[in-house]
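Under the working numbering, the letters of the sequence shown match residues 71 to 164, in that order.
Cβ coordinates follow ideal geometry from the N, Cα and C atoms, glycine included.
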Amino acid sequence: MPTSESDPRVFFASERTLLAWLRTGLTIIALGFVVSRFGLFVQLLATQSQGTSPAMHSRLAAGLGIETRGRLVNLDYTRIDLIRERKSFLQISR
Numbered sequence: 071m072p073t074s075e076s077d078p079r080v081f082f083a084s085e086r087t088l089l090a091w092l093r094t095g096l097t098i099i100a101l102g103f104v105v106s107r108f109g110l111f112v113q114l115l116a117t118q119s120q121g122t123s124p125a126m127h128s129r130l131a132a133g134l135g136i137e138t139r140g141r142l143v144n145l146d147y148t149r150i151d152l153i154r155e156r157k158s159f160l161q162i163s164r
C-alpha cells in the first residue's frame, strides 16, 4: 500500500519524529545542566574541606558544552520542521 505526501499518516509520523528530537534535545540540555551543577557542588565540597578553591572549570565547561549541544539539536530540528512546513504549505496553496 503506497503512501503519498498528502497522507495524514506521513504528516503525523513526521510530527512524532520532530517531537522525539525536541525531547532528546531537552534531555541533553538537562544533562549538561546537571553536569555543570555537579561540578560546582564538587568545587564547593573541596573548598569546604581543604579551605582552598581548586580549579574545577573542566566540569563546568563540559556541562556548558553539553547544554550547547542540546540547544543546537533543538534549533536544527526546529529549522528542519519549519522548512518542511513551508513546503507543505506551498503544496497546499497550489
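* Asked: Does DSSP put D77 in a helix, in a strand, or in coil?
  -> Residue state for D77 is assigned as coil, using DSSP reduced to three classes.
* Taking just the CA atoms, how far does S106 sit from A132? -> Looking at the two C-alpha atoms, the distance is approximately 7 angstroms.
* If we ignore side chains and look at the alpha-carbon of each, how far apart do D146 and G109 end up? -> The C-alpha of G109 is placed about 28 angstroms away from the C-alpha of D146.
* Would you call G135 buried or exposed, if buried means 16 or more other Cβ atoms sit within 10 Å of its Cβ? -> Flag for G135 reads exposed.
* **Residues near R12 in its chain [Cβ-Cβ closer than 8 angstroms; skip 5 each side]** => The chain is shown only over 71 to 164; residue 12 falls outside these bounds and no answer can be derived.
* Nearest to R141 (by Cα), restricted to the options I153, V104, R156 and T94 -> Cα-wise, what sits closest to R141 is T94.
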